[in-house]
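Numbering (the working numbering), first residue to last: 13 to 462.
Presented below is the structure to which this report refers.
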Ligand code: HEC
Ligand code: HEC
Ligand code: HEC
Ligand code: HEC
């Protein structure tokens, strides 16, 4: 995540749409193909941008949807600039370092920075320079462009015609992470990062808010698309992230690089940090000694927090499996892969369970306590864990407001305290765990009894 993003987060949390705290899975499709791999014709952003369609300057007061989605995307959403970024200096340098002719001509970059579907799926109005356009997330509109505006259109029917079901957090997580972490077809390796690509981190609920979201979760939205709370979205996103990391780790193409494992599975800062100001400290959930690169376990930590609340027995097994994975990483590549495979076998079930769990007030309290407790027991020694904890708190604060547990004044006080936590994460390579934990304690003091 780029520096300053966590700072912007506090602004975004104040503006994000309200989510209700009950889950009623309305739309369920079994693993639909993400738009990049769908079979439909992609029409291009211009097709969606008409002023009576999604290109209204202001949100329409009497419409189901906002209708100004195009304006939000083009003015505020970085996806609209994702192709332009490939023309800039940083991308030129990355391309040069990798021996590519030009970043904006290389599939290895375009696959995530544009809607780079094959020619046969591009309508004449399609433009690659649109970057990650509407159909890069909503799916090729070839079959649904006509019908989704008809009077008897329903979300379910649109989905049957190829609209990607983003309202469901399981599908949304898979989509976002296919670019924000990578999948079997596109992946940012450590070599690409070594050439200058930024580190990537992701949290589904937070990133939905700061994109910013161009949908409003109100009664009408819930009726059309089902009800998912933000905290549930957070939990599902965490479980999906570990599934996708373990998929990559156990993929013979992505899992290793020469004599070494692929470094992106490890905490960047276990290798990249200053050598003065020693910061190593043991961590119970990792169980390794000093001088060993640690697998990036930030999502594993968050998943454990959810599990400890909803299924103590499973949480224990899970923690044991995670410890075994860390240990195996010090023994050999095969040992690590074997452990990763074993853990992967359990993660689809976690995604399912989190998607079926109803996250009410008591759940939110337990998760909040879990996130804070890990801070007090020294689990945020490593940067990525601290970063995920901060994003979790942002999701949780929103949930507390949406459930009606905190009023505006309490919300603002908690957000201000969270901003101080985020400030300690600004300089990633100089991250000081004590400063983060201190800010966490101050945050804790702003949490009201509920
Ligand atoms: C697996 C998907 C993926 C691939 C492949 C990929 N990128 Fe990215 N790139 C991203 C994402 C996601 C971000 C935003 C990361 C963030 O801010 O959290 C990003 C960010 C960037 C940025 C920083 C943008 C900014 O606003 O500061 C540059 C520059 C960049 N990528 C260039 C490239 C180039 C050049 C290539 C090809 C060599 C490439 N990327 C390949 C997904 C990808
Ligand atoms: C980075 C991914 C992404 C991009 C790019 C994107 N969207 Fe969305 N969009 C979403 C997500 C996530 C949602 C919320 C889930 C849902 O309701 O499907 C959403 C929701 C919507 C909704 C539904 C609102 C409702 O109340 O049902 C509309 C309409 C929409 N987007 C239009 C657009 C248009 C038009 C564009 C291009 C200008 C666009 N989107 C670009 C991810 C994206
Ligand atoms: C086709 C690939 C792709 C998909 C799918 C995608 N993104 Fe992105 N996203 C990118 C790229 C590339 C960037 C960097 C763009 C730039 O900096 O110009 C980015 C940037 C972002 C940023 C800005 C991060 C920052 O550092 O400011 C957010 C937030 C974001 N994406 C959220 C999402 C969410 C939420 C979803 C799923 C609904 C999603 N993205 C789906 C490729 C994708
Ligand atoms: C196991 C150790 C290790 C891990 C983990 C690791 N790296 Fe590296 N990184 C290296 C080594 C070794 C180099 C090559 C240094 C050189 O070229 O002199 C390198 C080089 C780089 C460079 C280029 C630095 C330069 O001076 O040009 C960047 C950027 C980078 N890594 C980013 C990352 C990111 C982001 C992550 C986490 C996703 C990460 N690294 C994880 C060991 C690691």
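No residue lacks a Cβ here, since even glycine has one placed at the ideal position from N, Cα and C.
Where does residue 420 land, buried or exposed, given buried means 16+ other C-beta within 10 angstroms? Along the chain shown, read from residue 1 onward, the residue named residue 420 stands at position 408. With fewer than 16 other Cβ atoms within 10 Å, it is exposed.
Between the segment 113–133 and the segment 216–229, can you find at least three pairs of beta-carbon atoms closer than 8 Å? no
Option nearest residue 98 by Cα separation, candidates 286, 384, 144: Residue mapping note: residue 98 aligns to position 86 of the chain shown, counting from 1. Ranking the options by Cα distance to residue 98, first place goes to 144.
8 Å CB neighbourhood of residue 34 in its chain, flanking five on each side removed: Stepping through the chain shown from its first residue, residue 34 is reached at position 22. Model confidence at residue 34 stands at a pLDDT of 33, short of 50, so the residue's coordinates are unreliable; what they give is reported in the following sentence. Cβ neighbours of residue 34 beyond the five flanking positions: 239, 241, 370, 372.
Say the cut is 8 Å; is the CB of residue 140 nearer than that to a heavy atom of ligand 2? For the purposes of this step, residue 140 is taken as the residue at position 128 of the chain shown. Answer for residue 140: no, Cβ out of range of ligand 2.
By DSSP, does residue 239 sit in helix, in strand, or in coil? What you label residue 239 is simply residue 227 of the chain shown in a count that begins at 1. DSSP places residue 239 in strand when its eight states are reduced to three.
Kindly provide the ranges of any alpha helix (DSSP H) runs that are 4 or more residues long and lie completely inside the segment 52–101, ordered along the chain. 81–88
Please look up how many angstroms separate the CB atoms of residue 441 and residue 209, rounded, as I've assumed it's under 8 Å. By one-based count along the chain shown, residue 441 stands at place 429. By one-based count along the chain shown, residue 209 stands at place 197. Wrong, their Cβ atoms sit about 16 Å apart, outside the cutoff.
Beta-carbon separation (whole angstroms), residue 278 vs residue 235, contact threshold 8 Å: Here residue 278 corresponds to residue number 266 of the chain shown, with the count starting at 1. Here residue 235 corresponds to residue number 223 of the chain shown, with the count starting at 1. Residue 278 to residue 235, Cβ: 45 Å. No contact.
Less than 9 Å separating the beta-carbons of residue 248 and residue 330? Translated into the one-based positions of the chain shown, residue 248 becomes position 236. Translated into the one-based positions of the chain shown, residue 330 becomes position 318. Not in contact: residue 248 and residue 330 (Cβ atoms no closer than 9 Å).
What does a CB cutoff of less than 6 Å around residue 347 pick up in its chain, not counting 5 residues either side in sequence? Position 335 of the chain shown, counted from the start, is the residue given in the question as residue 347. Only 340 meet the Cβ criterion.
Could you check which residue in 257, 110, 44 has the C-alpha nearest to that of residue 178? If you number the chain shown from 1, residue 178 lands on position 166. For the residues 257, 110, 44, the minimum Cα distance to residue 178 belongs to 44.
Please list, in chain order, all residues of the same chain as residue 269 whose beta carbon is under 6 Å from its beta carbon, the five residues on each side excluded. As a position in the chain shown, residue 269 is number 257, starting the count at 1. There are no such residues.
Helix, strand or coil for residue 8, going by three-state DSSP, please let me know. No answer is possible for residue 8: it lies beyond the span of the chain, which begins at 13 and ends at 462.
Return the CA-CA distance between residue 288 and residue 444, expressed in angstroms with no decimal places. Numbered from its first residue, the chain shown carries residue 288 at position 276. Numbered from its first residue, the chain shown carries residue 444 at position 432. Taking the straight line from one Cα to the other gives about 12 Å.
Quick check: what's the CA-CA separation for residue 436 versus residue 451? Against the chain shown, residue 436 aligns to sequence position 424. Against the chain shown, residue 451 aligns to sequence position 439. Roughly 8 Å separates the two Cα atoms.
Residue list, Cβ distance to ligand 4 heavy atoms smaller than 6 Å: 202, 205, 206, 211, 275, 276, 278, 280, 282, 283, 284, 305
Under 8 Å: does the beta carbon of residue 191 sit that close to some heavy atom of ligand 1? Start at 1 with the first residue of the chain shown, and residue 191 comes out as number 179. Yes, the beta carbon of residue 191 sits closer than 8 Å to at least one heavy atom of ligand 1.
Give the DSSP bridge partners of residue 199, in chain order. Locating residue 199 in the chain shown gives position 187, where the first residue counts as 1. Paired residue(s): 194.
In or out: residue 196 buried (at least 16 other Cβ within 10 Å) or exposed? The sequence position of residue 196 within the chain shown is 184, counting from 1. Label assigned to residue 196: exposed.
Determine the DSSP secondary structure at residue 30, reduced to helix, strand or coil. The sequence position of residue 30 within the chain shown is 18, counting from 1. Bear in mind that a pLDDT of 33 at residue 30, under 50, signals an unreliable position, so the model cannot answer this.
Are the CB atoms of residue 390 and residue 335 nearer to each other than 9 Å? Position 378 of the chain shown, counting from 1, holds the residue named residue 390. Position 323 of the chain shown, counting from 1, holds the residue named residue 335. The answer is no: Cβ separation not under 9 Å.
Just list the residues that DSSP pairs residue 269 with in beta bridges. For the purposes of this step, residue 269 is taken as the residue at position 257 of the chain shown. BP columns for residue 269 point to 272.
Measuring alpha carbon to alpha carbon, tell me which residue in 173, 96, 81 is nearest residue 70. Indexing the chain shown from 1 puts residue 70 at position 58. Looking at the Cα atoms, 81 is the closest of the given residues.
Check each candidate in 256, 384, 237 and name the one with the smallest Cα separation from residue 457. Within the chain shown, residue 457 is the residue found at index 445, counting from 1. Selected option, being the one with the closest Cα: 384.
How would you write the range of the alpha helix (DSSP H) that residue 170 sits in, first residue to last? In the chain shown, the residue the question calls residue 170 occupies position 158. Run containing residue 170: 167–172, per the alpha helix (DSSP H) assignment.
Could you tell me which of 253, 263, 273 sits nearest to residue 310, measuring between CA atoms? The residue given as residue 310 occupies position 298 in the chain shown. Of 253, 263, 273, the residue nearest in Cα terms is 253.
If you measure from the CB of residue 106, is any heavy atom of ligand 6 nearer than 8 Å? Absence of ligand 6 from the depicted structure is noted, with ligand 1, ligand 2, ligand 3 and ligand 4 being the only ligands included.
What's the C-alpha gap between residue 368 and residue 55? Residue numbering aside, residue 368 sits at position 356 when the chain shown is read from its first letter. Residue numbering aside, residue 55 sits at position 43 when the chain shown is read from its first letter. If I take the Cα positions, the gap works out to 35 Å.
Would you check if the segment 215–226 and the segment 395–414 touch, i.e. whether three or more CB-CB distances between them fall below 8 Å? yes
beta-carbon residue 265 near ligand 1 non-hydrogen atom, thresh 8 Å: Taking the chain shown and counting its residues from 1, one reaches residue 265 at position 253. No, since every heavy atom of ligand 1 falls outside the 8 Å radius drawn around the Cβ of residue 265.
Measure from the alpha carbon of residue 169 to the alpha carbon of each residue in 181, 153, 184, then state which is nearest. Locating residue 169 in the chain shown gives position 157, where the first residue counts as 1. Among 181, 153, 184, the Cα nearest to that of residue 169 is on 153.
According to DSSP, is residue 138 part of a helix, a strand, or is it coil? On the chain shown, residue 138 is found 126 positions in, with the first residue counted as 1. Coil.
In three-state terms, what does DSSP make of residue 451? Locating residue 451 in the chain shown gives position 439, counting from the first residue. Three-state DSSP puts residue 451 in a helix.
Return the CA-CA distance between residue 397 and residue 295, expressed in angstroms with no decimal places. If you number the chain shown from 1, residue 397 lands on position 385. If you number the chain shown from 1, residue 295 lands on position 283. The straight-line gap from Cα to Cα measures roughly 12 Å.
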